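Peer 1: Chain order of the listed sequences is A and B. With our numbering applied, the first sequence covers 1 to 400. With our numbering applied, the second sequence covers 1001 to 1245. Idealized CB from N, CA, C, for every residue including glycine. Predicted model, so just to flag it, every value in this text is computed and none were measured.
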Amino acid sequence: MTIPVEKVAGPRRKNKADFQWSEEHAPEDFHERLFELEEKGELVVQRVDTEHIEVPVKYGRTKKVPIGHTWHHKSCGQCGHIPGYSTSIFWVNRKLGIEYEDPSDQTSCTAWNYYASATSNAAAQAAVAVRNFATAYETGRFPIIHCGTSFGHYKEVRHELLAHDHLREEVRRVMDALGKPLVLPEEMVHYSEWFYAMRHEIAKHQVRDFSNIAVTVHPACHYYKLVEGDAIYDPEVYGGQRTAIVSEVAQALGAEVRDYSTWFDCCGFGFRHILVSRDFTRSFVTQRKIKRMKEEADPDVTLTHDTGCVTALDKSQFAAKAQDPDFATIPVMSEAQFAALAMGAHPYLVCQLHWHAADYKPLLEKMGIDHEKAWAEFEEATARLERGEQKYLTWEDADV
Amino acid sequence: MQASAQLTPTHADSAAYKLGITYPDVPLAEKQRLFDEVKADERFHDYLYGCYECGICVAACPSARYYDFSPRRIAQAAAREDIELIYQQMQEDIWDCSQCFSCLRCPRGNNPGGIITVMREVAVNNGLESAKQALRGYTRIIYKIMSTGTQVSPDMLQADAFPDWGPSVARVSEKLDLWRRALPPETHHTTTTGWQISTKTLVELYLIWHKTGALNMISELDASLHSLLEEVMEDLLDEQGYELD
Ligand code: SF4
Ligand code: SF4
């Protein structure tokens, strides 16, 4: 599905419709060095050797995205504070009949101690990444990374490991002590790339009509800025001048993607700011993102694809509304939750929208979802837990 | 670090000012030593290629919009090796950065955000006042990450910690145990970590912190946090039959 480049050629912007990546300015493809080191026996490369889809990435290159047989590298922020995010990712896999592993032998990337507090170092960060990769490799499944920061950080770690012999040496020494090989995957794959790759399949299973839903997209900085290249740029979407991530999934589901002028701006999460300097985060979210989106695009929902972005954009709106009753809020969710809703997922039992802050009920109504009935179903299900009839709800319980 | 008695005032718009940081001036040789540490980091050379002073990074920078902060000044000071200014930035500016890396738009190929990452590490390693102040109230997160391998946990959602996030936080915290048990993925029933993490994973993680010196990094910053973590890690490693060299 095409989003023409003219969509981003606002009154003051003149974009070239026939934009082409220049090989001359493209950075080296990391695969060359990766395979060279593999050949020398310096590291193990986990190949994408199961069924996969090739997707277009920056500089006219492609990336292999495995469909199944995946090992889900979860995000602590998603699982901890936005649990409908990871639940929706798994639910969509299950609905499409794709098997996956949700491991307990997994740490986060621990990059908060890198980007927020700087209380880690390059060797520790690389060892944490490689330990997770080696663990996935031992299961024979390919890692799919849920968090945008983990994804960007791991790309940076890969760069460091490929560039510096002594870092590889140090990490190898640590891995030896753990009894694990030094593994890097052939491709770093973010879950949102899987959703992009699977968008037509997802659309085939769509049961709710989204043709009346307008969305804005916030692309995550750590997905496409942190390490150049290796992010999805589709010539059919904005002429390949912007990352197509999320936008193309929303389009494939029949929603209207609307542009706004601060598309490139970050979400204001800031790592340490969201915890200890939230006045900055709140100001940035409300003034630079939400108000701009509202005034310029008036979307029904804003979609993003990273933990920090959902958190900052969603939670920061309450204070602005409390201070100014006329402040118009916008519901926030991941495209995984949006896609799950399109495929008929329950808004509470699957998408867990009660963990979100900005008012999402008008959106559900527009999607034709009876949220009062859905909430009653959620309460009925949790009452069974309270009565001790069941300890946990299961996937079967989620499909009422 | 040798410190003179003089305390340096801070810029009124910086995070340093808001945090109430005053910091000791130090001899030029000490400032040089700190910069040498920054420069010795091999990432530094990947992150700096000179500076056109064009300000493209500033236009993209979220922190520059709300603080007296500029990635251009960071890149410039580093390129000119202005050690007085770099010391000032390490005490006043670096904690303003959002680490979003929008500044990678730089036409020169610079990474001011990356330079800041390195400067922060040097500030932490040397126990600089700015690092101590900026990370005050952050101890719990460092503890959580190093002891569990995850940072954001469901039980962090407490209404008094996030009053500006509205009533949804209070609702979640009140129903936390029930709502976690209502999550279909079996790994998600936890409240103190984002997902269930195996003991084997923690053992391997603790070995990483020990063997890479990451645990030692925080001894300058917070001695009691360091000894607490050391104890937690040694207990588990001992129990699992690991001896540390
Ligand atoms: S990484 Fe820091 S300096 Fe760079 S744009 Fe983001 S906030 Fe600004
Ligand atoms: S760091 Fe780059 S973008 Fe910023 S002023 Fe210098 S040359 Fe321009």
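1. Nearest to residue 1042 (chain B) by CA position, among A:256, A:246 and A:163, is which residue?
2. Pick from B:1215, B:1026 and B:1074: whose alpha carbon is nearest that of residue 1125 (chain B)?
3. Using only the heavy atoms of ligand 1, determine whether one of them is closer than 7 Å to the beta carbon of residue 323 (chain A).
4. Does ligand 2 have a heavy atom nearer than 7 Å to the CB of residue 1056 (chain B)?
5. Is residue 231 (chain A) helix, strand or coil when you go by DSSP?
6. Which residue or residues does DSSP assign as beta-bridge partners of residue 71 (chain A)?
7. Return helix, strand or coil for residue 304 (chain A), following the three-state DSSP convention.
8. Leaving out five residues on either side along the sequence, give the residues of the same chain with a beta carbon under 7 Å from the beta carbon of residue 1032 (chain B).
9. How would you write the range of the alpha helix (DSSP H) that residue 1119 (chain B) sits in, first residue to last?
10. Which first and last residues belong to the alpha helix (DSSP H) in which residue 373 (chain A) is found?
11. Within the same chain, show all residues whose beta-carbon is closer than 8 Å to that of residue 1234 (chain B), passing over the 5 residues directly before and after it, in chain order.
12. Of the residues that make up the region 1185 to 1208 of chain B, which ones have a beta carbon closer than 7 Å to any beta carbon in chain C?
13. What span of residues does the alpha helix (DSSP H) with residue 361 (chain A) cover, start to end?
14. Give the residues of chain B in contact with residue 68 (chain A), contact being defined as C-beta atoms less than 7 Å apart.
15. Is there a Cβ of chain B sitting closer than 8 Å to that of residue 150 (chain A), yes or no?
16. Does residue 1052 (chain B) come out as helix, strand or coil in the three-state DSSP assignment?
17. Using only alpha-carbon positions, find the residue among A:24, A:222, A:394 and A:308 that is nearest to residue 1103 (chain B).
18. Please output, in chain order, the residues near ligand 1 using a CB cut-off of less than 7 Å to any non-hydrogen atom of the ligand.
19. Considering only residues of the same chain and omitting the five flanking positions on each side of residue 1195 (chain B), which have a CB-CB separation below 7 Å?
20. Under three-state DSSP, which class holds residue 125 (chain A)?
21. With distances taken between CB atoms, is the gap from residue 214 (chain A) to residue 314 (chain A) smaller than 8 Å?
22. Less than 8 Å between the C-beta atoms of residue 192 (chain A) and residue 305 (chain A), yes or no?
23. Cβ closer than 9 Å: which chain B residues qualify as neighbours of residue 323 (chain A)?
24. Just to confirm the assignment: which complete beta strand (DSSP E) runs, minimum length 3, are found wholly within the region 267 to 324 of chain A?
25. Which residue's Cα is closest to the Cα of residue 988 (chain B): A:400, A:390 and A:396?
26. Report the option in B:1099, B:1176 and B:1200 whose CA atom is closest to the CA atom of residue 273 (chain A).
27. Hey, quick one: how far does the beta strand (DSSP E) through residue 184 (chain A) stretch, first residue to last?
28. As a quick exercise: from B:1045, B:1113, B:1134 and B:1107, pick the residue whose alpha carbon is nearest that of residue 1070 (chain B).
29. Please tell me whether residue 1001 (chain B) has its Cβ less than 8 Å away from any Cβ of chain A.
30. For residue 335 (chain A), is the beta carbon positioned less than 7 Å from some heavy atom of ligand 2?
31. Please go through the same chain and pick out, in chain order, the residues whose beta-carbon is closer than 6 Å to the beta-carbon of residue 174 (chain A), but skip the five residues on each side of it.
32. In chain order, what residues of the same chain have a beta carbon less than 7 Å from the beta carbon of residue 232 (chain A), not counting five sequence neighbours either side?
33. With a CB to CB cut of under 6 Å and the five nearest residues on each side skipped, what residues in its chain are close to residue 60 (chain A)?
34. Taking residue 1079 (chain B) and residue 1050 (chain B) to be in contact with their CB atoms under 8 Å, please state how far apart those CB atoms are, rounded to whole angstroms.
35. What is the DSSP secondary structure of residue 1223 (chain B), reduced to helix, strand or coil?
36. Do residue 136 (chain A) and residue 154 (chain A) have their beta-carbon atoms positioned less than 8 Å apart in this structure?
Peer 2: Quick look at the numbers:
1. Answer by Cα proximity: A:163.
2. B:1215
3. no
4. yes
5. coil
6. A:101 and A:143
7. strand
8. Excluding positions up to five away in sequence, the list reads 1083.
9. 1112 to 1125
10. Note, residue 373 (chain A): alpha helix (DSSP H), 371 to 386.
11. 1244
12. Checking the listed chains, one finds no chain C in this structure; the protein chains it contains are A and B.
13. 361 to 366
14. None at all; the shortest Cβ gap to chain B is about 17 Å.
15. It does not; no Cβ of chain B falls within 8 Å.
16. Coil.
17. A:222
18. A:266, B:1057, B:1060, B:1061, B:1062, B:1063, B:1064, B:1071, B:1074, B:1097, B:1098, B:1099, B:1100, B:1101, B:1102, B:1103, B:1112, B:1113 and B:1116
19. Taking residue 1195 (chain B) as the centre and dropping the five residues before and after it, the same chain places the C-beta of 1187 and 1188 closer than 7 Å to its C-beta, in chain order.
20. helix
21. Contact: no.
22. yes
23. Per Cβ cutoff of 9 Å: no residues; residue 323 (chain A) is ~10 Å from chain B at best.
24. 301 to 304
25. Outside the modelled stretch of chain B, which goes from 1001 to 1245, sits residue 988 (chain B), for which no answer is possible.
26. B:1099
27. 183 to 185
28. B:1113
29. With a pLDDT of only 38 at residue 1001 (chain B), under 50, the local geometry of the prediction cannot be trusted, and the value read off the model is given with reservation. No, residue 1001 (chain B) lies away from the interface with chain A (no Cβ there is under 8 Å from its Cβ).
30. Not a single heavy atom of ligand 2 lies less than 7 Å from the C-beta of residue 335 (chain A).
31. 127
32. Once the five neighbours on either side are set aside, the close Cβ partners of residue 232 (chain A) are 55, 56, 57, 193, 196, 243, 244 and 245.
33. 21
34. 5 Å
35. helix
36. no
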